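J.: Each residue of the sequence shown is one higher than the one before, counting from 1457 in the numbering used here. Ideal placement from N, C-alpha and C gives every residue a C-beta, glycine not left out. Model, not experiment: these values are computed from the prediction. So that we are looking at the same thing, I have put the structure below in structure tokens.
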Amino acid sequence: MDESREPVPEGRAYPGETRDEINLLEYWRVVVERRGVVLGCLAATVLAVLLVTFLTTPQYRAETTLQIERQGPDILTFKDVMGVDPMGYRDFYQTQYKILQSRAVLRLAAERLDLPNQPEFASRKGSPIGRLVSWIKSAVIGSDATTKPMERAVGFLESGVGVDPVRNSHLVTVSFVDRDPEFAAEIANAVADAYQQFNIENRYTTTEQATEFLSKEVARQKAEIEKLERELQQYTADKKILALSDGTSDIHEQSLTDLNTKLAAAKGRLAIAKARFDAVSGASPESLPEVLDSNLISRLRENYAELDRRHSQMAERFKPGWPEMAQLEEEMRQARERIALETDGIARQVREAARTDYLQAESEVVNLKDKVDQERDIVQKVKLDTIQYESLKNEIATRRQNLAELVSRQSQTETSGQLREAGASNIRVVDRAVPPEHAAKPRKALNLALSLLLGLLLGVGMAFLLHYLDNTIKSEQDIARYAPGAAILGHIPLYQPLRVVEGDAALPAKPDLASHAEPRSVFAESFKNLRTSLLLASADHPPRHIVVTSCEPGDGKSTIAVNLATVLTQMGKRVVLVDADLRRPRIHRGLALRNGVGLSSYLSGNVAVDDLFQSTDIPHLSVVTSGPIPPNPSELVESPRLLELLAEVAARGFDHVVFDSPPTIQVADSVILGTKTDATLVVVRAGMTRREALTQGVDRLRQSRVRLAGTVLNAVTERTGYYYRYQHSRKYAYGHEAEDVPGVPAEEAPRASTFVTTVRRIGRRANRA
């Protein structure tokens, strides 16, 4: 572990690393970790799509090509009623595409084919889902409209007809998809013919309706014009409109314009006067231009400068208080007062003049506004009657013009309606549909490709969902992220015991005794690495009293404590293992010891220290069990007798004391022990310890000023940590040849040797880099 590099928050990069690289590596790790989910989703999706693809009935697509022009043949010179707006190109074709798929056109097609009576259509029962929906409608409503033969035929056509415009042309393809290729071609042609028929009937039906409407509208317009003319004559007589045409309105309008011009100029002068007044009011007298340009002020300042110069010369020769210097200083004072007096007088005059100008400009603006308002009222009153008069005249003129156009259009529509029998249309069939030879659906290759893509995306998405729902610690990077500043002393793999065959029985070792029973296993080697990191955490003073704790129950702190004590004894050290978990003790069961008398008995003053220590099968290791579970564990741990026990252990020549303490965030026992010992080791179980629990536990230890040695990641697997990928971890101990391991055939020794040599070579290259 690189101690010089501080852990950084989630989503940020270490110095010298890019955020994108870290994210890509993290994403890839998540995918590999959840590869079972990814492959499962992929397989399920592909299988489902393939089943649907191969069980689906082949569908054939028949196509008819139509040419749709915006206007029909120009037989008449005038514009027809159904003419197309030249600016509505897009709207026109979108409308035609919708008409092609409308139920009115499809009904005409069904009638042309006599579809309800055709055996190919009548023998079809529809999909099971469709029949279920029809049955539900019939049961709820009481009668189902879709059971009618013609409505069912229209629904059948509606479900299979497609309209696809040909880009950059006036062509459109009408298609129909069905299991029978000949039937599909017949329906596509029938829809095209029905669309032509619908267009012609709609065009000339509209023309007939327009002719009738125009006749009624002409009569109505004539009646309204006569009524408006009578109203205009009466209004002229009542308002004496002729008396208003003597130019009076023009005179008042000109006067109003002149007043507005003067008002705008007066507002400009008012703004200038106000700005001038604000400027001189807020400025100091010395900064006013009139003061700066005053000849009198200039002369007074020159005289003062001359007096100041003389004063400076005399000050070099005479002492302060000399009569001539005193007289000169009095003259300088009078000169300053004169300058200040004259400056204030000029400033007062300037401000008074600016104020006067401002008030005059303001008064002028007010007077002009009153005159403008009066003149505007006169102009509006004069124009009111004239406007109403002109409005009536214009409305009569407009009605007469509309009447002339209506009469002309009435004549044109009557002529246009006579062309119905000619069959002129803007639609024609370019290519009629023929039975297709190849099925259009399903597209097996495309479905397979899409299923692979969809399955992969679904699997990756599910993998990331499961990953982000999992809020447990899984790697050393997670520890550095959620417990920044806490040293990571090592990692312990998930225990996988070596099985030594004796006769017909396989004898598995216990995890608590693994470092003693399997000293050459990867599991034992990891504890040796932890021992080295712990002792070197403070090289000048290796910790003698070590507290092993965790954030939550079940993280493996007891196993870590026992194996850590074991590997400390393998260095020739005398070690005492103390079960300080007075709530849920476990060490006596793992080591097969009695627990009648223990730590709780000593702390409560019931036994002497000589009765505490129990020997084990592990050389140099003594154990102090927990004893009976007391009602007040925290108070016992906090008692002074614990320090007496530590002193007694030191007096008996023990080198290290390892405490197995309760979880940190549940009780205060581990915090109390940590304040009385040299180092505290926090056990984090990969894939089980929650991130919030780790953060809360480490913060609690730091707030209590516990000497936190670091953390250790426990139960690391290939899935959670990517540390152990050796296929022969059960056979070979790191750093030993195969023939040194009992139970390994001699023919496998070259493989182990080659593996060890390769690992060592990679390690040397990494150290040089």
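Taking the alpha-carbon positions, what's the Lys1775 to Phe1733 distance?
T.: Between Lys1775 and Phe1733, the C-alpha separation is close to 49 Å.
J.: Report the rounded CA-to-CA distance for Asp1960 versus Lys1966, giving the unit in angstroms.
T.: In this prediction, Asp1960 has a pLDDT of 40, which is less than 50 and means its spatial position is unreliable; nothing more can be read from the coordinates.
J.: Rounded to a whole number of angstroms, what is the C-alpha to C-alpha distance between Arg1832 and Gln1552?
T.: Computed Cα separation, rounded: 57 Å.
J.: Mapping DSSP to helix, strand and coil, what is Tyr1951?
T.: Of the three classes helix, strand and coil, the one that applies to Tyr1951 here is coil, per DSSP.
J.: Beta strand (DSSP E) containing Ala1889: first to last residue?
T.: Run containing Ala1889: none; DSSP gives neither H nor E here.
J.: In this structure, does DSSP put Leu2077 in helix, strand or coil?
T.: It is a strand residue.
J.: Ignoring anything shorter than 4 residues, give me the alpha helix (DSSP H) runs that lie fully in the stretch 1736-1770, in order along the chain.
T.: The stretch 1736-1770 contains these whole alpha helix (DSSP H) runs: 1745-1748.
J.: Quick one: what does DSSP say Arg1563 is sitting in, helix, strand or coil?
T.: DSSP places Arg1563 in helix when its eight states are reduced to three.
J.: Can you tell me the Cα-Cα spacing of Val1622 and Val1505, whole angstroms?
T.: So the two alpha carbons sit approximately 31 Å from each other.
J.: Using the C-alpha atoms, what's the distance from Val2031 back to Ile2002?
T.: Their backbone Cα atoms lie some 11 Å apart in a straight line.
J.: Can you tell me which of the three DSSP states Phe1577 falls into?
T.: Phe1577 falls in the helix class under three-state DSSP.
J.: Which residue wins for smallest C-alpha separation from Ser1819, given the options Ala1722, Arg1491 and Thr2173?
T.: It is Ala1722.
J.: Who are the Cβ neighbours of Gly1703 in its own chain at under 8 Å, not counting the five residues just before and after it?
T.: Because the pLDDT at Gly1703 is just 49, under 50, the model does not fix this residue reliably, and the value given afterwards should be weighed accordingly. Excluding residues within five positions, none has a Cβ falling inside 8 Å.
J.: Taking all protein chains shown into account, do 16 or more other C-beta atoms lie within 10 angstroms of the C-beta of Ala1878, making it buried, or fewer, making it exposed?
T.: Low per-residue confidence applies at Ala1878: pLDDT is 49, beneath 50, and the placement is therefore not dependable enough to give any value.
J.: If you draw a straight line from the C-alpha of Glu1785 to the C-alpha of Ala1729, how long is it?
T.: The straight-line gap from Cα to Cα measures roughly 43 Å.
J.: Nearest chain E C-beta to Lys1730 closer than 8 Å, yes or no?
T.: Absent from the structure is chain E; it holds one protein chain and no more.
J.: Determine whether the beta carbon atoms of Leu2068 and Tyr1938 lie at a separation below 8 Å.
T.: In this structure, Tyr1938 does not lie closer than 8 Å to Leu2068 by Cβ.
J.: Take Leu1511 and list the residues in its own chain whose beta-carbon comes closer than 6 Å to its own, dropping the five residues that flank it on each side.
T.: Counting only Cβ-Cβ distances below 6 Å, and skipping sequence neighbours, we find nothing.
J.: Can you tell which of Pro2075, Ala1896, Asp2116 and Val1487 has the C-alpha that lies nearest to the C-alpha of Thr2022?
T.: Ranking Pro2075, Ala1896, Asp2116 and Val1487 by Cα distance to Thr2022 puts Pro2075 first.
J.: Does the stretch 1638-1649 come within contact of the stretch 1558-1578, defined as at least 3 CB pairs closer than 8 Å?
T.: With the cut-off at 8 Å, the stretch 1638-1649 and the stretch 1558-1578 touch.
J.: Identify every run of the beta strand (DSSP E) within the stretch 1622-1686, keeping only runs that are complete inside it and at least 3 residues long; order them along the chain.
T.: Runs found: 1627-1634.
J.: Tell me, which residues are paired with Arg2141 by DSSP?
T.: Paired residue(s): Asn2170.
J.: Do the stretch 1479-1497 and the stretch 1848-1860 meet, that is, are 3 or more Cβ pairs less than 8 Å apart?
T.: No, they do not touch.
J.: What are the uninterrupted segments assigned as alpha helix (DSSP H) that are 4 or more residues long and contained completely in the stretch 1887-1942, given in chain order?
T.: You should have 1900-1925 and 1932-1938.
J.: Mind the definition here: the stretch 1798-1806 touches the stretch 1814-1829 only if three or more C-beta pairs lie below 8 Å; say whether that holds.
T.: Touching, no.
J.: So, Thr2131 versus Ala2165, is the Cβ gap smaller than 8 Å?
T.: Against a cut-off of 8 Å, the Cβ pair of Ala2165 and Thr2131 comes out as no contact.
J.: So the candidates are Leu1588, Glu1682, Glu1525 and Ala2107; which of them puts its Cα closest to the Cα of Glu1851?
T.: For the residues Leu1588, Glu1682, Glu1525 and Ala2107, the minimum Cα distance to Glu1851 belongs to Glu1682.
J.: Considering just the uninterrupted stretch of the alpha helix (DSSP H) at Leu2047, what are its terminal residues?
T.: Note, Leu2047: premise wrong, no alpha helix (DSSP H); not H, not E.
J.: Contact between the stretch 1924-1936 and the stretch 2166-2173 is defined here as three or more beta-carbon pairs at a separation below 8 Å; is this criterion met?
T.: Touching, yes.
J.: In chain order, what residues of the same chain lie with their CB nearer than 6 Å to the CB of Pro1999, ignoring the 5 residues before and after it?
T.: Taken in chain order, the residues that qualify are Asp2134 and Ala2135.
J.: DSSP three-state call for Leu2068: helix, strand or coil?
T.: Here Leu2068 sits in coil by DSSP.
J.: So Ser2006 and Pro2089 are in contact, right, with Cβ under 8 Å, and what is the actual spacing, rounded?
T.: In fact, because the Cβ distance is near 16 Å, the residues do not count as touching under 8 Å.
J.: Figure out for me which residue from Asp1934, His1947, Ala1901 and Val1863 has the closest Cα to the Cα of Glu1673.
T.: It is Val1863 whose Cα lies nearest to the Cα of Glu1673.
J.: Spatial neighbours of Val1619 within its chain, please: CB distance less than 7 Å, with the 5 preceding and 5 following residues excluded, ordered by chain position.
T.: Hits under 7 Å: Tyr1553, Leu1556, Gln1557, Val1628 and Val1630.
J.: Please state whether the Cβ-Cβ distance between Ala1919 and Arg1490 is less than 8 Å.
T.: Yes, they are a contact pair.
J.: Please work out which residues of its chain come closer than 8 Å, Cβ to Cβ, to Tyr2179, disregarding the five sequence neighbours upstream and downstream, and give them in chain order.
T.: Any reading at Tyr2179 must be qualified, since the residue scores a pLDDT of 46, below 50, and its modelled position is unreliable; the value itself is stated next. Here the set comprises His1947, Pro1949 and Val2172.
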